[in-house]
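Going from the sequence shown to our numbering is simple: count from 1 and add 43.
A virtual CB, placed ideally from N, CA and C, is assigned to each residue, including glycine.
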Amino acid sequence: GFLPKFSMKWESPLMPKDWFEWHDLYNTEPKLQQRLEIVREYISYSLDVSPPGIIRVVSVCAGDGRDLLSTLANHPRAKDVYARLVELNPQLVERGRATIESLGLAKQIEFINGDATLWSNYVGAVPADVVIVCGIFGNLADEAELSRLLGNLSFLSKQGAFAIWTRGHSNGIPYSETVRKILRESRFEEVNFKLTATGDMGVGIHRYLGENLAVPKEQQLFVFSGVPNKAR
Ligand SMILES: C[S@@+](CC[C@H](N)C(=O)[O-])C[C@H]1O[C@@H](n2cnc3c(N)ncnc32)[C@H](O)[C@@H]1O
Numbered sequence: 044g045f046l047p048k049f050s051m052k053w054e055s056p057l058m059p060k061d062w063f064e065w066h067d068l069y070n071t072e073p074k075l076q077q078r079l080e081i082v083r084e085y086i087s088y089s090l091d092v093s094p095p096g097i098i099r100v101v102s103v104c105a106g107d108g109r110d111l112l113s114t115l116a117n118h119p120r121a122k123d124v125y126a127r128l129v130e131l132n133p134q135l136v137e138r139g140r141a142t143i144e145s146l147g148l149a150k151q152i153e154f155i156n157g158d159a160t161l162w163s164n165y166v167g168a169v170p171a172d173v174v175i176v177c178g179i180f181g182n183l184a185d186e187a188e189l190s191r192l193l194g195n196l197s198f199l200s201k202q203g204a205f206a207i208w209t210r211g212h213s214n215g216i217p218y219s220e221t222v223r224k225i226l227r228e229s230r231f232e233e234v235n236f237k238l239t240a241t242g243d244m245g246v247g248i249h250r251y252l253g254e255n256l257a258v259p260k261e262q263q264l265f266v267f268s269g270v271p272n273k274a275r
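So, in structure tokens, the structure goes:
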């Protein structure tokens, strides 16, 4: 039969079965590698321009935290950073915690194995100076859900906080343009925006102009509805 010949496809990281396997795509996909480089550049920039003293960072749906942790490995402000990363997949959290340990940052960086859509998992770590929301916007149901999430960043962000985000394109649709438009409408000012060299992944850094709001009415800040084998 012809099926066995192609069966490898379904076991390869091209069709990741979970979010842990999805991270293997970083080893092979230029789009993701280029995206990571730009995210690291923006994180580095946000630390560079932060005033002296503590810099609070939160990472929403952090994966294994490689964007923030690899930047801190080699940044002069690393010792000023107090961060909380929130991620649901226990294997990714385990890998992230091992990296934190090896960098000697365990006293400052918390990796929570929990639901990043819930307000309670940010209490004590916010309002933040830098909010990392990478790999999320393509996993929301629609534009209304994106607006809801951006509105709820008011509970995570100080006034003037940086939000660093990514949004992939598919079928020739430049979804990152929609994100930039909704950010403008949600009181965010664009600091920088780049497309990867592959041309199909937008990476942005925006500044939150509104005020920090202390407590949301609802526990749930957004719904993450994406699945790993269709991830953008
Ligand atoms: C596309 S990946 C992005 C990971 C990381 N931010 C990055 O850019 O490499 C999406 C991540 O969201 C995580 N995730 C999905 N739903 C979540 C939830 N409710 N709470 C926390 N993490 C969640 C997945 O386990 C996965 O690691």
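Asked	Found
Classify residue 265 as helix, strand or coil using the three-state DSSP reduction.	coil
Measuring from the CB of residue 130, is there a heavy atom of ligand 1 at a distance below 7 Å?	yes
Give the C-beta separation of residue 130 and residue 156 to the nearest angstrom, bearing in mind that I take them to be a contact with Cβ-Cβ under 8 Å.	7 Å
CB of residue 121 to nearest heavy atom of ligand 1: below 7 Å?	no
Would you decide whether residue 211 is buried or exposed? Buried here means 16 or more other CB atoms lie within 10 Å of its CB.	buried
Is any non-hydrogen atom of ligand 1 found closer than 7 Å to the C-beta of residue 126, if you look at the structure I gave you?	no
So is the beta-carbon of residue 160 under 7 Å away from any non-hydrogen atom of ligand 1?	yes
Return yes when at least one heavy atom of ligand 1 lies under 7 Å from the C-beta of residue 242, else no.	no
Does residue 93 come out as helix, strand or coil in the three-state DSSP assignment?	coil
Start and end of the alpha helix (DSSP H) containing residue 103?	Taken as a continuous stretch (DSSP letters only), residue 103 belongs to no alpha helix (DSSP H), being part of the beta strand (DSSP E) at 98–103.
Exposed or buried, residue 172, counting other C-beta atoms within 10 Å across all chains shown (16 or more means buried)?	buried
So, using beta-carbon positions, are residue 176 and residue 103 closer together than 8 Å?	yes
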